[in-house]
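Below you'll find the structure, written out as structure tokens, and then a few comments.
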Amino acid sequence: MPLPESVDLAVVGAGIVGLASARALLAAHPGLDLAVLEAEDRPAAHQTGNNSGVIHSGLYYRPGSLKATLCRRGREALYRYVEERGIPFERCGKLVVATRESELPRLEELERRGRANGLRDLCRLGPAGLRDHEPGVRGISGLWVGCTGIVDYVAVARAFAWDIRAAGGAVYLSHGVRAIRPDGQGFVLETSQGRLRARYLVNCAGAHADRVARLAGERPTTRIVPFRGEYKLLRSPRRHLVRGLIYPVPDPRFPFLGVHFTRRIDGGIEAGPNAVLALARHGYRWTDVNPRDLVEILTTPGMLRMASRYWRTGLAEVLRSLSTPLFARALRRLVPAIRTSDLEPGGAGVRAQALDPDGTLADDFRITTAPRAFHVLSAPSPAATASLAIGESIAARAGDHLGL
Ligand SMILES: Cc1cc2nc3c(=O)[nH]c(=O)nc-3n(C[C@H](O)[C@H](O)[C@H](O)COP(=O)(O)OP(=O)(O)OC[C@H]3O[C@@H](n4cnc5c(N)ncnc54)[C@H](O)[C@@H]3O)c2cc1C
Numbered sequence: 004m005p006l007p008e009s010v011d012l013a014v015v016g017a018g019i020v021g022l023a024s025a026r027a028l029l030a031a032h033p034g035l036d037l038a039v040l041e042a043e044d045r046p047a048a049h050q051t052g053n054n055s056g057v058i059h060s061g062l063y064y065r066p067g068s069l070k071a072t073l074c075r076r077g078r079e080a081l082y083r084y085v086e087e088r089g090i091p092f093e094r095c096g097k098l099v100v101a102t103r104e105s106e107l108p109r110l111e112e113l114e115r116r117g118r119a120n121g122l123r124d125l126c127r128l129g130p131a132g133l134r135d136h137e138p139g140v141r142g143i144s145g146l147w148v149g150c151t152g153i154v155d156y157v158a159v160a161r162a163f164a165w166d167i168r169a170a171g172g173a174v175y176l177s178h179g180v181r182a183i184r185p186d187g188q189g190f191v192l193e194t195s196q197g198r199l200r201a202r203y204l205v206n207c208a209g210a211h212a213d214r215v216a217r218l219a220g221e222r223p224t225t226r227i228v229p230f231r232g233e234y235k236l237l238r239s240p241r242r243h244l245v246r247g248l249i250y251p252v253p254d255p256r257f258p259f260l261g262v263h264f265t266r267r268i269d270g271g272i273e274a275g276p277n278a279v280l281a282l283a284r285h286g287y288r289w290t291d292v293n294p295r296d297l298v299e300i301l302t303t304p305g306m307l308r309m310a311s312r313y314w315r316t317g318l319a320e321v322l323r324s325l326s327t328p329l330f331a332r333a334l335r336r337l338v339p340a341i342r343t344s345d346l347e348p349g350g351a352g353v354r355a356q357a358l359d360p361d362g363t364l365a366d367d368f369r370i371t372t373a374p375r376a377f378h379v380l381s382a383p384s385p386a387a388t389a390s391l392a393i394g395e396s397i398a399a400r401a402g403d404h405l406g407l
């Protein structure tokens with residue numbers, strides 16, 4: 004389908020956030036002439052298609068934050084959506100396990116946050132309770148979170164793309180946006196397959212969101228730093244060691260959750276992901292090196308401060324990435340029977356982590372406005388869970404901000 008000359012609104016990025024935003028904009032503003040532009044030849048090619056597939060509960064997030072509010076709203080909307088659309092999912096619950104006395108205050112804080120975030124199906128467990136849920140787990144205390152679930156986010160993203168087309172919008176795959184010229188009436192977007200004029204712009208470019216914002220004339224202070232999360236798979240004869248989702252108590256200084264076990268909707272058990280600095284914005288392996296990205300990563304304002312703050316954690320993550328025995332050792336803290344030989348290589352995802360100039364890893368979602376535009380500058384986990392709510396919040400603000 005060739006690009007039209009102009010549309011009312013262009014969304015950059017057909018990840019789950021761009022698709023959910025486009026879908027919600029069309030629902031709120033019927034008749035809107037909308038195009039989603041995606042660089043890859045399929046939707047959900049990056050973070051959305053390489054994530055853990057967890058429908059998060061909202062346990063971890065600071066009460067009142069965007070993450071807390073939108074995760075809670077998005078989770079229930081997502082459960083309703085996948086049920087209606089017949090997309091396989093399971094509300095299987097998850098276990099957060101403390102294995103050391105020193106983790107107990109953090110577990111208390113998680114429970115407090117969970118309750119403040121409206122989770123009613125939280126249950127504090129002792130060692131026996133932990134084993135009732137997960138016989139392979141050894142821990143001193145834990146939390147059972149009943150409303151956590153699993154789903155295939157690629158299937159969800161595909162369904163969103165179908166909704167967009169059914170509502171009169173268009174999704175242009177293999178149309179990477181290379182340049183954007185604001186012209187007072189909107190934007191002229193140069194794509195890999197032609198030019199498109201749009202009165203309004205919604206930037207949901209994930210790992211490239213800061214670049215797309217800069218192309219559109221903005222000067223965002225945050226930069227995206229890519230962190231790869233690598234998975235191992237539990238070999239099938241050992242899958243009985245894990246029934247569902249088993250997480251450690253996370254380190255609150257770090258935005259990632261620590262290596263954990265996740266049952267996938269297809270029945271496989273994944274272990275991971277870890278978090279290592281990627282050498283390209285789409286750096287799925289150590290050998291994926293993009294010189295432009297690498298120079299930008301290393302010279303990003305705040306990078307040095309971040310590195311000096313987290314180098315110990317970062318080094319441990321790199322060692323775990325290079326050594327399966329060390330990976331297995333981290334997993335044994337939760338499930339002692341895990342052996343190195345139980346693990347085989349799995350896939351990887353790359354997180355688009357926004358970094359502030361003072362070296363702080365941005366924690367909350369960041370959605371900024373500019374004349375005629377929205378920029379989703381940071382949509383880390385749980386943005387897949389929260390996608391329907393993120394889309395609705397952009398659509399709700401679009402009336403006032405864009406004058407739709
Ligand atoms: C390892 C890992 C595990 C995770 N686990 C979970 C989980 O279990 N549950 C959960 O809720 N969240 C999870 N997340 C987070 C979640 O996957 C992301 O928050 C979410 O997918 C972000 O969606 P997005 O649309 O913003 O980004 P993406 O899915 O990355 O989409 C951005 C899109 O923009 C396109 N694009 C970029 N630049 C351009 C351009 N110039 N022109 C056109 N297109 C462009 C890209 O090709 C891409 O398709 C995880 C993330 C990772 C990486």
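Numbering (our numbering), first residue to last: 4 to 407. Every residue, glycine too, gets a C-beta built ideally from N, C-alpha and C.
Margin query: Short of 8 Å in beta carbon distance, which residues of its chain neighbour His-404, apart from the five on each side in sequence? Order them along the chain.
Written below: Counted from its first residue, the sequence shown places residue 404 at position 401. So the list reads Thr-372, Phe-377, once near-sequence residues are dropped.
Notebook entry, point to check: Cβ of Ala-274 within 7 Å of Cβ of Arg-231?
Noted result: If you number the sequence shown from 1, residue 274 lands on position 271. If you number the sequence shown from 1, residue 231 lands on position 228. Not closer than 7 Å, so no.
Check: Does DSSP put Ala-182 in a helix, in a strand, or in coil?
Finding: If you number the sequence shown from 1, residue 182 lands on position 179. Ala-182 falls in the strand class under three-state DSSP.
Item checked: Beta-ladder partner(s) of Thr-194, from DSSP -> Taking the sequence shown and counting its residues from 1, one reaches residue 194 at position 191. The partner list for Thr-194 (beta bridge, DSSP) reads Val-180, Gly-197.
Next item on the list: State yes or no: is the C-beta of Thr-224 within less than 7 Å of the C-beta of Pro-360?
Entry: Walking along the sequence shown from the start, residue 224 turns up at place 221. Walking along the sequence shown from the start, residue 360 turns up at place 357. Taking 7 Å as the Cβ cut-off, Thr-224 and Pro-360 qualify as a contacting pair.
Check: Which word fits Arg-127, buried or exposed, when buried means at least 16 other C-beta atoms lie within 10 angstroms of its C-beta?
Finding: As a position in the sequence shown, residue 127 is number 124, starting the count at 1. Arg-127 should be labelled exposed.
Checklist line | Close-in-space but distant-in-sequence residues of the same chain around Ser-381 (CB under 7 Å, 5 per side omitted) | finding: In the sequence shown, residue 381 corresponds to position 378, counting from 1. Cβ neighbours of Ser-381 beyond the five flanking positions: Thr-225, Ala-357, Ala-365, Phe-368, Arg-369.
Next item on the list: Check whether the Cβ atoms of Ala-401 and Leu-407 lie closer than 7 Å to each other.
Entry: Taking the sequence shown and counting its residues from 1, the one referred to as residue 401 is at position 398. Taking the sequence shown and counting its residues from 1, the one referred to as residue 407 is at position 404. Yes. Within cutoff.
Checklist line | heavy atom of ligand 1 below 6 Å from Val-10 C-beta | finding: Numbered from its first residue, the sequence shown carries residue 10 at position 7. False, no ligand heavy atom lies under 6 Å from that Cβ.
Notebook entry, point to check: Counting pairs of beta carbons, one from the stretch 78-91 and one from the stretch 110-125, are three or more of them closer than 8 Å?
Noted result: no
Item checked: Cβ pair count under 8 Å reaching 3, the stretch 261-270 against the stretch 39-56 -> yes
Notebook entry, point to check: Considering only the beta carbon of each residue, do Ala-71 and Val-39 sit closer than 7 Å?
Noted result: Working through the sequence shown from its first residue, we reach residue 71 at position 68. Working through the sequence shown from its first residue, we reach residue 39 at position 36. The answer is no: Cβ separation not under 7 Å.
Next item on the list: Could you check the C-alpha separation between Cys-95 and Leu-334 for me, to the nearest Å?
Entry: By 1-based counting over the sequence shown, the position of residue 95 is 92. By 1-based counting over the sequence shown, the position of residue 334 is 331. Taking the straight line joining both Cα atoms gives about 21 Å.
Check: Since Gly-352 is in the alpha helix (DSSP H), which residue starts that stretch and which ends it?
Finding: Along the sequence shown, one-based indexing puts residue 352 at 349. Segment 346-358 is the beta strand (DSSP E) holding Gly-352; no alpha helix (DSSP H) there.
Checklist line | Residue environment, Ser-292, which counts as buried when at least 16 other CB atoms sit within 10 Å | finding: Along the sequence shown, read from residue 1 onward, the residue named residue 292 stands at position 289. Before going further, note that residue 292 is Val rather than Ser in the sequence given. Its Cβ having fewer than 16 others within 10 Å, Val-292 is exposed.
Checklist line | Val-2 (DSSP reduced to helix, strand or coil) | finding: The chain is shown from 4 up to 407; residue 2 falls before or after that span and cannot be answered.
Item checked: Which listed residue (Leu-29, Leu-337, Val-379) has its alpha carbon closest to that of Gly-171 -> Counting from 1 along the sequence shown, the entry for residue 171 is found at position 168. Per the Cα distances, Leu-29.
Next item on the list: Using 6 Å as the cut-off, classify the Cβ of Gly-232 as near or not near the heavy atoms of ligand 2, replying yes or no.
Entry: What this structure holds is ligand 1, not ligand 2.
Next item on the list: Report the partner residues of His-378 according to the DSSP bridge assignment.
Entry: Sequence index remark: in the sequence shown, residue 378 carries index 375 (1-based). Its beta-bridge partners are Asn-206, Thr-371.
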